[in-house]
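Working notes for the structure below.
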DNA sequence: CACCTTATACTCAGATTGAGCAAAAGCCGG
DNA sequence: CCGGCTTTTGCTCAATCTGAGTATAAGGTG
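Protein chains in written order, with the working numbering: chain A, -5 to 311; chain B, -5 to 311.
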């Protein structure tokens, strides 16, 4: 059971760096090329880096020139068959195993990036167009995804059910966090360029949505899912907003992340109730209508409560 | 930036394997010794294991003789200074870096374990006695933790605040998921045997709660926190319960996990409303009072809804 | 059979949520 | 400078959910 102490095991750090504005949520993509872009990646250097997070911050700054704000570990990928970024590991043996520890990072603005690494901010929905339901479900779901998945499922009840649950078919609700399930379903059902690349299958249908190198689109899916979930019980949005903002702007940023339209008055009411924001007294002009008050995030409120939950009615007395 | 292809980077898999009954939540501890027990651990073998999860299941079964049910990745630990399990890596260089990918595993019952690995089921609260609030806050919080933490904080406002938030002092609510924050605070404030072992400090106070090898108690804290959070939006409890159970039994299992007392009638009502369980018609005797109906988990309900959230009022029309 | 214990049913007020109506307050074109 | 357009903001209403209790049912036991 003991391992041969050779270098067949390589460890890298991947970063899903996100930002968002009133229009779109963005991810930082690098190494743009014919086969798609990749996520920022760097080998983990145990002698230079005391912790993963420090290592990550380090080379993100080195490669892109800006500082990460919020950072959290996402997931560690290590399945056999993952593609080895040869350029980063020139001396690695042929069949080396590459492990990637993926982190989620958030920056408040889409800082300009030195062109050196061919990096660019891209909307999430460039890679996952079926995830944007701000104007209702995209037509491609009913037009392409549903029929193709049903064709793939045949009369396999399990598969049909998975498809229904993932994409909210047949009257089931669309659940915005199920990004991974959806991507994996499309991958399995031979609807993504990655399916062809990795499995050699012919595509069952042409689906919009750009592929990425290696399994980076899967990592991105994990990040979106985490963020869409987290936004509901931790005020991570404020890591992406400017210092002050109107409630409409805030709402639009949240909508762009969740890919869902929100109810304006009730969003406002919720914000007021949980006291996550406070008015500055200043007004924003140029809204095209009545000027809106500018708000800022109230850090103090963080202390108060944890997440709400589904079924844990605690006794008080 | 490229790494020397040597074997200074080692990868292992750690497992936090939990179970629970009406009385306690349990964790599987191995290598019981003078310095405390450890979590089950095994080197990751890239040539033998296609995925981490398969590798984990493999050697858990090999070491303990039973099959894991639910498994999920928890976190990857890789800070400098982590202790190298020498026995597992006899040939590793002196200053090798050890990375551990920790998994959470759940088994429905505390199966008997072959004594070969000196493994035993232990209550969580053996390691974290301050986490059990089923009968109100344990006295040690007011008697030892609070004064010692305040002593440690001095007039550092940040520290005082962290302590208050973590332990629910000065009228702040006790938030059961903050297991990690609490453990780290106690570690930092020199109140755990690990603080002495790792940092060489003298303990500021003797606090109940057994230490573990290396940073295993931190891993355990991560697992508890994850589980206490997850239980509220995913029906993971049913991975630990027997096939059928009374509502009181179910409630007691949840209480043992959360370390909190729940309101009986409302727990029942919540269970009925969200339809997670269904009655079998059979009755359980020997409750000491009126016989209770036996229930079982309704897998179908899983499909319906996702988690509830704090502030995402979606527009329906 | 009274009594103890636990299970189950029901009630009630207050809070929260989903949905929509309406007034307020800038801007713009005539 | 005024009516129309747009967006913000305030408010209402019913339905549902939640926290907390009270009351009844139905076993076992001395």
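Ideal placement from N, C-alpha and C gives every residue a C-beta, glycine not left out.
Looking at the DSSP output, residue 70 of chain B bridges to B:95.
Using a C-beta cut-off of 8 Å, the stretch 154 to 162 of chain A makes no contact with the stretch 209 to 222 of chain A, since fewer than three inter-stretch Cβ pairs fall below that distance. In the three-state DSSP reduction, residue 167 of chain B falls in the coil class, being neither helix nor strand.
Annotated as distal: residue 44 of chain B and residue 209 of chain A, with beta-carbon spacing of 8 Å or more. Rounded to the nearest whole angstrom, the CA to CA distance from residue 166 of chain B to residue 123 of chain B is 20 Å.
Interface annotation, residue 24 of chain A: not in contact with chain B, CB-CB separation never under 8 Å. Of all residues in the stretch 5 to 32 of chain B, only 5 place a beta-carbon less than 7 Å from a beta-carbon of chain A. The stretch 198 to 263 of chain A contains, as complete beta strand (DSSP E) runs of 3+ residues, the segments 238 to 240 (chain order). In the DSSP assignment, residue 187 of chain A falls outside any beta strand (DSSP E) and lies within the alpha helix (DSSP H) extending over 187 to 193. Here the stretch 232 to 247 of chain A lies against the stretch 287 to 296 of chain A, with 3 or more beta-carbon pairs under 8 Å apart. Looking only at B:39, B:79 and B:22, the smallest Cα-Cα distance to residue 33 of chain B is reached by B:22. Excluding five sequence positions before and after residue 111 of chain B, the CB atoms of its chain that fall closer than 6 Å to its own CB belong to 24 and 57, given in chain order. Sorting B:224, B:271 and B:253 by C-alpha distance to the C-alpha of residue 66 of chain B places B:224 at the top. Going by C-alpha positions, residue 145 of chain A is about 45 Å away from residue 85 of chain A. By the Cβ rule, the stretch 135 to 143 of chain A does not count as touching the stretch 264 to 272 of chain A, because fewer than three pairs are nearer than 8 Å.
Just so you know, the alpha carbons of residue 15 of chain A and residue 255 of chain A end up roughly 15 Å apart. Judged by DSSP secondary structure, residue 37 of chain B falls outside any alpha helix (DSSP H) and instead within the beta strand (DSSP E) spanning 35 to 37. Secondary structure at residue 157 of chain A: helix, using DSSP grouped into helix, strand and coil. For residue 3 of chain A, the neighbours in chain B by C-beta distance under 9 Å run, in chain order, 1, 3, 4, 5, 38 and 40. With a threshold of 8 Å between beta carbons, residue 73 of chain A makes contact with chain B.
In the structure shown, residue 78 of chain B adopts coil according to DSSP, grouped into three states.
Judged by DSSP secondary structure, residue 277 of chain B falls within the beta strand (DSSP E) whose first and last residues are 271 to 278.
Within its own chain, the residues whose Cβ lies closer than 8 Å to the Cβ of residue 102 of chain B, once the five positions on either side in sequence are excluded, are 13, 63, 233, 234, 235 and 236, listed in chain order.
Taking 8 Å as the cut-off between beta carbons, the residues of the stretch 49 to 70 of chain A near chain B are 53, 67, 69 and 70, in sequence order.
Put simply, the backbone Cα of residue 194 of chain A is about 19 Å away from that of residue 202 of chain A.
In terms of Cβ geometry, residue 107 of chain A and residue 71 of chain A do not form a close pair [threshold 8 Å]. The C-alpha of residue 293 of chain A lies about 30 Å from the C-alpha of residue 173 of chain A. In the DSSP annotation of this structure, residue 62 of chain B is not part of any alpha helix (DSSP H), being labelled neither H nor E. Approximately 7 Å separates the beta-carbon atoms of residue 119 of chain A and residue 18 of chain A; this is inside 8 Å, confirming the contact. Cβ-Cβ separation between residue 185 of chain A and residue 30 of chain A: approximately 16 Å, too far for a contact (criterion under 8 Å). With contacts defined by Cβ atoms closer than 8 Å, residue 221 of chain B and residue 50 of chain B do not form a contacting pair.
At least one C-beta of chain A is nearer than 8 Å to the C-beta of residue 95 of chain B. At a cut-off of 8 Å, the C-beta of residue 235 of chain A has no neighbouring C-beta in chain B.
When the five nearest sequence neighbours on each side are left out, the beta carbons in the same chain lying within less than 8 Å of the beta carbon of residue 104 of chain B are those of 13, 15, 20 and 115, in order along the chain. Spatial neighbours of residue 187 of chain B in its own chain (CB-CB distance under 7 Å, excluding positions within 5 residues in sequence) are listed in chain order as 205.
Flagged as an interface residue toward chain A: residue 45 of chain B, by a C-beta distance shorter than 8 Å.
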